[in-house]
Amino acid sequence: MGRIMGIDFGLKRTGISVTDPEQIIVKGLDTQETSGVLNFIVTYGVQEKLDEIVVGYPFVEGAWGDRRFKEKLDKFVADLKKAFPLIPITLHDERNTSVNAREIMSRSGLKKSQREDKGLLDRTSAILILQEYLGHI
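Residue numbering for the sequence shown follows this note's numbering, starting at 106 and increasing by one per position.
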(Lines of atoms letter the chains of each structure in order from A; the text may use other names.)
(Lines give C-alpha, C1' and ligand atoms only; values in the text may rest on other atoms or scores of the structure.)
Protein backbone atom coordinates (compact mmCIF):
# COMPACT_ATOMS: atom_id res chain seq x y z
CA MET A 106 0.00 0.00 0.00
CA GLY A 107 1.23 3.50 -0.75
CA ARG A 108 0.59 6.87 0.76
CA ILE A 109 -2.20 9.30 -0.05
CA MET A 110 -1.20 12.94 -0.37
CA GLY A 111 -3.42 15.89 0.51
CA ILE A 112 -2.89 19.34 -0.98
CA ASP A 113 -4.16 22.75 0.12
CA PHE A 114 -3.29 24.85 -2.95
CA GLY A 115 -2.69 28.57 -2.58
CA LEU A 116 -1.49 31.34 -4.85
CA LYS A 117 1.64 31.91 -2.72
CA ARG A 118 2.02 28.78 -0.58
CA THR A 119 0.73 25.23 -0.77
CA GLY A 120 0.27 22.97 2.25
CA ILE A 121 0.96 19.27 1.85
CA SER A 122 -0.08 16.34 4.03
CA VAL A 123 0.38 12.58 3.65
CA THR A 124 -0.86 9.39 5.19
CA ASP A 125 1.34 6.69 6.58
CA PRO A 126 1.83 3.71 4.20
CA GLU A 127 -1.15 1.93 5.80
CA GLN A 128 -3.30 5.01 5.05
CA ILE A 129 -4.45 5.36 8.66
CA ILE A 130 -2.58 8.34 10.09
CA VAL A 131 -2.41 11.76 8.42
CA LYS A 132 0.46 14.14 9.12
CA GLY A 133 1.57 17.49 7.79
CA LEU A 134 4.45 17.01 5.38
CA ASP A 135 5.51 20.50 4.33
CA THR A 136 4.52 23.91 3.08
CA GLN A 137 6.07 24.93 -0.22
CA GLU A 138 6.10 28.08 -2.28
CA THR A 139 3.48 27.35 -4.94
CA SER A 140 5.92 28.18 -7.73
CA GLY A 141 8.00 25.10 -6.82
CA VAL A 142 5.41 22.79 -5.34
CA LEU A 143 5.00 20.56 -8.40
CA ASN A 144 8.73 19.75 -8.40
CA PHE A 145 8.55 18.99 -4.67
CA ILE A 146 5.59 16.63 -5.19
CA VAL A 147 7.25 14.86 -8.13
CA THR A 148 10.44 14.36 -6.11
CA TYR A 149 8.43 13.04 -3.16
CA GLY A 150 6.50 10.73 -5.50
CA VAL A 151 9.78 9.22 -6.73
CA GLN A 152 10.91 8.53 -3.15
CA GLU A 153 7.59 7.32 -1.73
CA LYS A 154 4.85 5.27 -3.38
CA LEU A 155 1.74 7.40 -3.83
CA ASP A 156 -1.62 5.68 -4.34
CA GLU A 157 -3.62 8.87 -4.74
CA ILE A 158 -3.38 12.66 -4.56
CA VAL A 159 -6.29 14.61 -3.06
CA VAL A 160 -6.47 18.29 -3.94
CA GLY A 161 -8.64 20.65 -1.94
CA TYR A 162 -11.04 22.31 -4.35
CA PRO A 163 -13.45 25.05 -3.27
CA PHE A 164 -16.70 23.75 -4.70
CA VAL A 165 -19.16 26.61 -4.40
CA GLU A 166 -22.56 27.32 -5.80
CA GLY A 167 -22.59 30.15 -8.32
CA ALA A 168 -19.64 32.15 -9.51
CA TRP A 169 -16.08 31.90 -8.25
CA GLY A 170 -14.89 34.82 -6.20
CA ASP A 171 -11.35 34.80 -7.60
CA ARG A 172 -11.17 33.75 -11.24
CA ARG A 173 -7.35 33.91 -11.24
CA PHE A 174 -7.22 31.42 -8.36
CA LYS A 175 -9.50 28.98 -10.19
CA GLU A 176 -7.41 29.22 -13.36
CA LYS A 177 -4.17 28.56 -11.46
CA LEU A 178 -5.72 25.72 -9.46
CA ASP A 179 -7.11 24.09 -12.61
CA LYS A 180 -3.70 24.38 -14.30
CA PHE A 181 -2.02 22.88 -11.23
CA VAL A 182 -4.44 19.93 -11.27
CA ALA A 183 -3.80 19.42 -15.01
CA ASP A 184 -0.03 19.51 -14.38
CA LEU A 185 -0.41 16.94 -11.58
CA LYS A 186 -2.34 14.65 -13.93
CA LYS A 187 0.46 14.93 -16.51
CA ALA A 188 3.16 14.28 -13.91
CA PHE A 189 1.29 11.31 -12.39
CA PRO A 190 -0.74 9.75 -15.23
CA LEU A 191 -1.25 6.45 -13.36
CA ILE A 192 -2.24 7.93 -10.00
CA PRO A 193 -5.79 9.14 -9.31
CA ILE A 194 -5.98 12.89 -8.71
CA THR A 195 -9.12 13.52 -6.67
CA LEU A 196 -10.74 16.90 -6.05
CA HIS A 197 -12.23 17.19 -2.57
CA ASP A 198 -14.38 20.00 -1.23
CA GLU A 199 -12.19 22.24 0.89
CA ARG A 200 -14.72 24.84 1.99
CA ASN A 201 -14.01 26.16 5.48
CA THR A 202 -10.76 24.22 5.93
CA SER A 203 -8.77 27.39 6.64
CA VAL A 204 -11.37 28.55 9.16
CA ASN A 205 -11.40 25.13 10.82
CA ALA A 206 -7.59 24.97 10.80
CA ARG A 207 -7.39 28.36 12.55
CA GLU A 208 -9.88 27.13 15.17
CA ILE A 209 -7.89 23.95 15.78
CA MET A 210 -4.65 25.91 16.08
CA SER A 211 -6.29 28.33 18.51
CA ARG A 212 -7.67 25.54 20.70
CA SER A 213 -4.43 23.58 20.68
CA GLY A 214 -2.67 26.03 22.96
CA LEU A 215 -0.20 27.32 20.40
CA LYS A 216 1.41 30.66 21.13
CA LYS A 217 0.14 33.60 19.11
CA SER A 218 3.32 33.68 17.02
CA GLN A 219 2.82 30.00 16.15
CA ARG A 220 -0.85 30.57 15.28
CA GLU A 221 0.22 33.33 12.89
CA ASP A 222 2.57 30.97 11.01
CA LYS A 223 0.90 30.80 7.60
CA GLY A 224 2.90 27.71 6.64
CA LEU A 225 1.51 25.87 9.67
CA LEU A 226 -1.99 27.02 8.73
CA ASP A 227 -1.53 25.68 5.18
CA ARG A 228 -0.23 22.31 6.45
CA THR A 229 -3.07 22.06 8.96
CA SER A 230 -5.58 22.81 6.19
CA ALA A 231 -3.98 20.08 4.06
CA ILE A 232 -4.31 17.66 6.98
CA LEU A 233 -8.01 18.51 7.35
CA ILE A 234 -8.66 18.06 3.62
CA LEU A 235 -7.08 14.61 3.69
CA GLN A 236 -8.72 13.58 6.97
CA GLU A 237 -12.13 14.63 5.70
CA TYR A 238 -11.53 12.76 2.46
CA LEU A 239 -10.57 9.62 4.35
CA GLY A 240 -13.55 9.95 6.67
CA HIS A 241 -11.43 10.35 9.82
CA ILE A 242 -13.41 13.29 11.16
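Glycine included, C-beta positions come from ideal geometry on N, C-alpha and C.
- For the pair I234 and T202, the CB atoms are nearer than the 8 Å cut-off.
- Out of D171, R108 and Y149, the CA that lies nearest to the CA of D125 is found in R108.
- A straight line joining the alpha-carbon of K186 with that of V147 spans about 11 Å.
- For L134, same chain residues with a beta-carbon under 7 Å away, outside a window of 5 residues either side, are I121, S122 and V123 in chain order.
- By alpha-carbon distance to T119, the top candidate from V159, K154 and R172 is V159.
- Sequence-distant Cβ neighbours of P193 in its own chain, meaning closer than 7 Å and more than five residues away, are E157.
- Each of E208, L226 and F181 was checked against the Cα of S140, and the nearest Cα belongs to F181.
- In the three-state reduction of the DSSP assignment, L116 falls in the coil class.
- Relative to the Cα of D198, the nearest Cα in the group A183, I130 and G240 belongs to G240.
- Residue range V142 to Q152 is occupied by the alpha helix (DSSP H) that includes I146, with no beta strand (DSSP E) assigned at that position.
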